[in-house]
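Written below as C-alpha cells is the structure these notes are about.
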Amino acid sequence: MGCGAKEAAVVVDLKQTVTLGFDCPACGKHRFSYVPESHDGRRWGPWYCDACGAGWCGTGTDMVEAARSRRVATYVLLKDPARDLYLVVRSGRTDPKWDDEEREQDRYFFEEHTCPTNFLGVDAAVLIENGWPDPDPHGVFKYVATVRADSIPVEEFNTGMTGHPDWMAVFGIKTKESEG
Ligand SMILES: [Zn+2]
Numbered sequence: 352m353g354c355g356a357k358e359a360a361v362v363v364d365l366k367q368t369v370t371l372g373f374d375c376p377a378c379g380k381h382r383f384s385y386v387p388e389s390h391d392g393r394r395w396g397p398w399y400c401d402a403c404g405a406g407w408c409g410t411g412t413d414m415v416e417a418a419r420s421r422r423v424a425t426y427v428l429l430k431d432p433a434r435d436l437y438l439v440v441r442s443g444r445t446d447p448k449w450d451d452e453e454r455e456q457d458r459y460f461f462e463e464h465t466c467p468t469n470f471l472g473v474d475a476a477v478l479i480e481n482g483w484p485d486p487d488p489h490g491v492f493k494y495v496a497t498v499r500a501d502s503i504p505v506e507e508f509n510t511g512m513t514g515h516p517d518w519m520a521v522f523g524i525k526t527k528e529s530e531g
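Residue numbers (the working numbering): 352 to 531.
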C-alpha cells in the first residue's frame, strides 16, 4: 500500500505543526495526532481520515503525501449467536471492491481477529467457560453483513427518537415491526 508519486505530494510542512498533529489536508475535519519522535526519519502511514477517508503518509516530519488508497466508511452488523441481540459497529474498507473476499475479511476480523473490547468501547470483556476466565474472548459475536455508510439515506439519520437509522431495515432483518 504505497503512497502517491512525488508530484502528487502535498502540502503540509509538519515541522511547523508537529507538536500536536495535523488536520486532514483534504477536508480539515479530522485531526491526526502526530508524535514526531516516534516517526523519526521513518515512513509512516497510510493513516485514513475519519471524516472523508483520504489517506496520508510520509517520511519523518518532512511532509505529508496523499496515499493512493482511500478508506470508505461502513457499518458492520454482528449478532449474538445465542439470541437475537444485534450490534452495529462503524468500520471501514480500504479501496473496496465490495466482493466476497472483503466480506470474508470482515467476517475474519470480527469473528476471529479482534477482541470485542476493540469495538464495544468497554474496558474489559471476560468470558467464563467451564469456570475458566478468558480475558481476550474472540469470536463472541457472529458476523452478519456490511453496508456502506454512504448507502444509508441522510434522512434515515434524522428520524425517530434517537436520530438513528432503522438499522434492521438497513440490514434487511425482518421484525414484527417491519412486517407491520
Ligand atoms: Zn479528511
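Don't be surprised by glycine CBs; every beta carbon is placed ideally from N, CA and C.
Residue i: CB within 7 angstroms of a non-hydrogen atom of ligand 1
| i | result |
| --- | --- |
| A424 | no |
| H515 | no |
| A377 | yes |
| K493 | no |
| A418 | no |
| C408 | no |
| A500 | no |
| C400 | yes |
| A476 | no |
| K448 | no |
| A405 | yes |
| K380 | yes |
Residues that residue i bridges to, as DSSP identifies them
| i | result |
| --- | --- |
| G406 | Y399 |
| W518 | Paired residues: none, contrary to the question. |
| Y494 | L429 |
| E416 | C408 |
| R382 | D374 |
The beta strand (DSSP E) enclosing residue i, as first and last residue numbers
| i | result |
| --- | --- |
| T468 | No beta strand (DSSP E) contains T468, which is instead part of the alpha helix (DSSP H) from 468-471. |
| A500 | Here A500 belongs to no beta strand (DSSP E), and DSSP marks it neither H nor E. |
| T484 | Contrary to the premise, residue 484 reads as Pro rather than Thr in this sequence. Counting along the chain, the beta strand (DSSP E) containing P484 begins and ends at 483-485. |
Start-to-end residues for the alpha helix (DSSP H) that takes in residue i
| i | result |
| --- | --- |
| A377 | No alpha helix (DSSP H) holds A377; DSSP gives it neither H nor E. |
C-beta neighbour in chain B for residue i, strict 8 angstroms
| i | result |
| --- | --- |
| R394 | The displayed structure is made up of one protein chain only, and chain B is not part of it. |
If you scan the segment 422-480 from start to end, which runs of the alpha helix (DSSP H) of 4 or more residues do you find wholly inside it? 451-459, 468-471
Are the segment 489-504 and the segment 416-425 touching by the rule of at least three beta carbon pairs closer than 8 angstroms? yes
Stretch-stretch touch, CB-based, cutoff 8 angstroms, three pairs: the segment 397-409 with the segment 372-380: yes
Inspect the CB distances between the segment 427-437 and the segment 480-488 and report whether three or more fall short of 8 angstroms. no
Counting pairs of Cβ atoms below 8 angstroms between the segment 453-469 and the segment 488-498, do you hit three or more? Here the segment 453-469 makes contact with the segment 488-498; the two share three or more CB pairs at distances below 8 angstroms.
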